[in-house]
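A.B. asks:
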Ligand code: DAH
């Protein structure tokens with residue numbers, strides 16, 4: 007056999023291989039068909055054995071021919087394999103019972119947590135009234151959380167807020183988990199000259215845990231300081247706020263109270279959102295529900311923060327987001343907000 011004959015025979019093998027491949031309809035048949043040509047005992051191999059009979063100077067050329075044919079057959083094999091893969095997929099899709107023309111099943115994207123929904127709503131209401139949003143740290147100094155707010159050291163007023171202390175390193179100030187968002191009032195006044203008009207939403211901590219109290223909860227603080235701010239501004243702001251939140255018929259009432267950082271201080275009640283003020287189980291037949299603490303900023307707070315109490319006046323209030331959420335959503339137990347049972351969360 008000479009080189010030309012060999013080449014011709016190899017070409018014929020390639021043609022035959024391709025034809026065989028075309029005839030297969032299953033992948034394992036295709037692999038077998040390939041082995042017939044390229045396997046260890048395949049036709050190309052045995053053709054290669056004839057190389058030994060050729061004169062040495064022709065052997066490299068024969069080797070190249072063999073490789074060329076191998077590559078050709080491999081390529082045909084790969085192409086056919088791809089076709090069979092596609093056919094198999096098509097067949098599987100056709101055979102499956104899925105009806106691809108049906109509309110997709112609705113997905114249920116995660117909604118906002120009810121507390122965050124309510125907080126967002128509260129923030130929206132105050133922003134629309136022109137308040138800026140401020141924030142402060144959750145690990146606070148005793149100074150910001152109490153002293154600047156006119157709670158003297160060891161004063162019994164501190165007992166109103168069961169405080170969780172943070173173990174301090176040597177030389178550090180007394181640290182605690184803030185018990186209210188009121189320190190953001192202090193931080194704002196220390197940083198900005200009057201006038202200020204801010205709300206400060208945030209998480210606060212108290213050692214307290216029952217059906218209506220959680221050791222971790224959310225408040226929104228409000229502070230408005232300017233020349234000539236009076237109690238009427240406070241009443242007007244609160245009235246607008248509760249009406250935006252609970253409806254136009256809602257009324258408020260201020261009851262005298264005490265906070266170290268306001269003078270005078272008042273607890274604010276809203277007409278019961280369940281009975282409209284008639285008296286029911288939830289408002290304990292009073293027709294009123296307590297929703298927040300408020301007052302006119304105490305001059306001592308201005309002095310601590312570098313404001314001149316002879317120049318400016320202002321009001322402040324702080325409300326519990328959970329409390330509002332419970333009233334607004336009709337949730338009787340605060341703990342359900344933190345259990346994250348989807349059957350509860352999905353209702354909002
Ligand atoms: N910080 C008070 C508390 O957590 C609530 C409060 C009352 C905030 C009166 C105020 C205020 O800004 O003026 O109990």
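Residue numbers (the numbering used here): 7 to 354.
Positions of the beta carbon are idealized from the N, C-alpha and C atoms, including for glycine.
As the structure is a prediction and not an experimental result, all values here were calculated from the model.
To the nearest angstrom, report how far apart residue 45 and residue 103 are at their CA atoms.
C.D. replies: In the chain shown, the residue the question calls residue 45 occupies position 39. In the chain shown, the residue the question calls residue 103 occupies position 97. Each residue's alpha carbon lies about 40 Å from the other.
A.B. asks: Within the chosen definition, does the segment 137-156 reach the segment 190-207 through at least 3 CB pairs nearer than 8 Å?
C.D. replies: yes
A.B. asks: Please determine, among 231, 38 and 279, the residue with the shortest C-alpha to C-alpha distance to residue 200.
C.D. replies: Taking the first residue of the chain shown as position 1, residue 200 is located at position 194. For residue 200, the nearest C-alpha among the options comes from 231.
A.B. asks: How is residue 119 classed by DSSP in three states: helix, strand or coil?
C.D. replies: On the chain shown, position 113 is the one that residue 119 refers to. Looking at residue 119 - three-state DSSP - the assignment turns out to be coil, as it is neither helix nor strand.
A.B. asks: How big is the Cα-Cα spacing for residue 120 and residue 326?
C.D. replies: Taking the chain shown and counting its residues from 1, the one referred to as residue 120 is at position 114. Taking the chain shown and counting its residues from 1, the one referred to as residue 326 is at position 320. Each residue's alpha carbon lies about 14 Å from the other.
A.B. asks: Using only CA atoms, which one of 336, 340, 105 and 189 lies nearest to residue 287?
C.D. replies: For the purposes of this step, residue 287 is taken as the residue at position 281 of the chain shown. Looking at the Cα atoms, 336 is the closest of the given residues.
A.B. asks: Could you check the C-alpha separation between residue 197 and residue 185 for me, to the nearest Å?
C.D. replies: On the chain shown, residue 197 is found 191 positions in, with the first residue counted as 1. On the chain shown, residue 185 is found 179 positions in, with the first residue counted as 1. Going from the Cα of residue 197 to the Cα of residue 185 covers about 21 Å.
A.B. asks: For residue 249, which residues in the same chain have their Cβ closer than 7 Å to its Cβ, ignoring the five residues on either side in sequence?
C.D. replies: Residue 249 sits at position 243 when you count from the first residue of the chain shown. The answer, listed in chain order, is 256.
A.B. asks: Does the pairing of the segment 79-96 with the segment 33-40 give three or more beta-carbon distances under 8 Å?
C.D. replies: yes
A.B. asks: Measuring alpha carbon to alpha carbon, tell me which of 233, 289, 187 and 192 ends up nearest residue 225.
C.D. replies: Position 219 of the chain shown, counted from the start, is the residue given in the question as residue 225. Measuring from the Cα of residue 225, the nearest candidate turns out to be 187.
A.B. asks: I need the DSSP call for residue 87, collapsed to helix, strand or coil.
C.D. replies: As a working note, residue 87 is residue 81 in the chain shown. Looking at residue 87 - three-state DSSP - the assignment turns out to be helix.
A.B. asks: At which residues does the beta strand (DSSP E) containing residue 302 begin and terminate?
C.D. replies: Residue mapping note: residue 302 aligns to position 296 of the chain shown, counting from 1. Counting along the chain, the beta strand (DSSP E) containing residue 302 begins and ends at 294-303.
A.B. asks: Which residues mark the beginning and the end of the alpha helix (DSSP H) in which residue 52 is found?
C.D. replies: As a working mapping, residue 52 is identified with position 46 in the chain shown. Its alpha helix (DSSP H) spans residues 49-55.
A.B. asks: Give the secondary structure of residue 36 by DSSP, where H, G and I count as helix, E and B as strand, and everything else as coil.
C.D. replies: Here residue 36 refers to the residue found at position 30 when the chain shown is read from its first residue. Three-state result, residue 36: helix.
A.B. asks: Could you pull out every residue in the same chain whose Cβ sits closer than 6 Å to the Cβ of residue 373, ignoring the five residues on either side in sequence?
C.D. replies: Any answer about residue 373 is impossible in this case: the structure gives the chain only from 7 up to 354.
A.B. asks: Identify the continuous alpha helix (DSSP H) that holds residue 22 and give its terminal residues.
C.D. replies: Residue numbering aside, residue 22 sits at position 16 when the chain shown is read from its first letter. Element bounds for residue 22: 9-29.
A.B. asks: Note the first and the last residue of the continuous beta strand (DSSP E) segment covering residue 238.
C.D. replies: For the purposes of this step, residue 238 is taken as the residue at position 232 of the chain shown. No beta strand (DSSP E) contains residue 238, which is instead part of the alpha helix (DSSP H) from 237-252.
A.B. asks: Please work out which residues of its chain come closer than 6 Å, Cβ to Cβ, to residue 328, disregarding the five sequence neighbours upstream and downstream, and give them in chain order.
C.D. replies: Translated into the one-based positions of the chain shown, residue 328 becomes position 322. The residues are 223 and 340.
A.B. asks: Whose CA, out of 66, 273, 146 and 106, lies closest to the CA of residue 210?
C.D. replies: Mapped onto the chain shown, residue 210 falls at position 204. Measuring from the Cα of residue 210, the nearest candidate turns out to be 146.
A.B. asks: In chain order, what residues of the same chain have a beta carbon less than 7 Å from the beta carbon of residue 114, not counting five sequence neighbours either side?
C.D. replies: Locating residue 114 in the chain shown gives position 108, where the first residue counts as 1. The beta carbon of residue 114 is closer than 7 Å to none in its chain, skipping five residues each way along the sequence.
A.B. asks: If you reduce the DSSP assignment to three classes, tell me which class residue 164 lands in.
C.D. replies: Residue mapping note: residue 164 aligns to position 158 of the chain shown, counting from 1. Reduced to three states, the DSSP call for residue 164 is helix.
A.B. asks: I'd like the span of the alpha helix (DSSP H) that includes residue 189, first residue to last.
C.D. replies: Position 183 of the chain shown, counting from 1, holds the residue named residue 189. Segment 189-197, the alpha helix (DSSP H) holding residue 189.
A.B. asks: In this structure, does DSSP put residue 140 in helix, strand or coil?
C.D. replies: In the chain shown, counting from the first residue as 1, residue 140 sits at position 134. Coil, per DSSP.
A.B. asks: Tell me, please, which residues DSSP counts as bridged to residue 265.
C.D. replies: Position 259 of the chain shown, counted from the first residue, corresponds to residue 265. Bridge partners of residue 265: 268.
A.B. asks: Please report the residue range of the alpha helix (DSSP H) in which residue 333 lies.
C.D. replies: Reading the chain shown from its first residue, position 327 is the one you call residue 333. Where residue 333 is concerned, the enclosing alpha helix (DSSP H) stretches over 327-335.
A.B. asks: Would you give the residue range spanned by the beta strand (DSSP E) that residue 224 belongs to?
C.D. replies: Against the chain shown, residue 224 aligns to sequence position 218. Per DSSP, the continuous beta strand (DSSP E) segment holding residue 224 begins and ends at 222-232.
A.B. asks: Can you tell me the Cα-Cα spacing of residue 195 and residue 258, whole angstroms?
C.D. replies: Residue numbering aside, residue 195 sits at position 189 when the chain shown is read from its first letter. Residue numbering aside, residue 258 sits at position 252 when the chain shown is read from its first letter. Looking at the two C-alpha atoms, the distance is approximately 28 Å.
A.B. asks: Please classify residue 21 as buried or exposed, where buried requires at least 16 neighbouring CB atoms within 10 angstroms.
C.D. replies: Start at 1 with the first residue of the chain shown, and residue 21 comes out as number 15. By the 10 Å Cβ count, residue 21 comes out exposed.
A.B. asks: Does DSSP put residue 322 in a helix, a strand or coil?
C.D. replies: Your numbering for residue 322 matches position 316 in the chain shown. In the three-state reduction of the DSSP assignment, residue 322 falls in the strand class.
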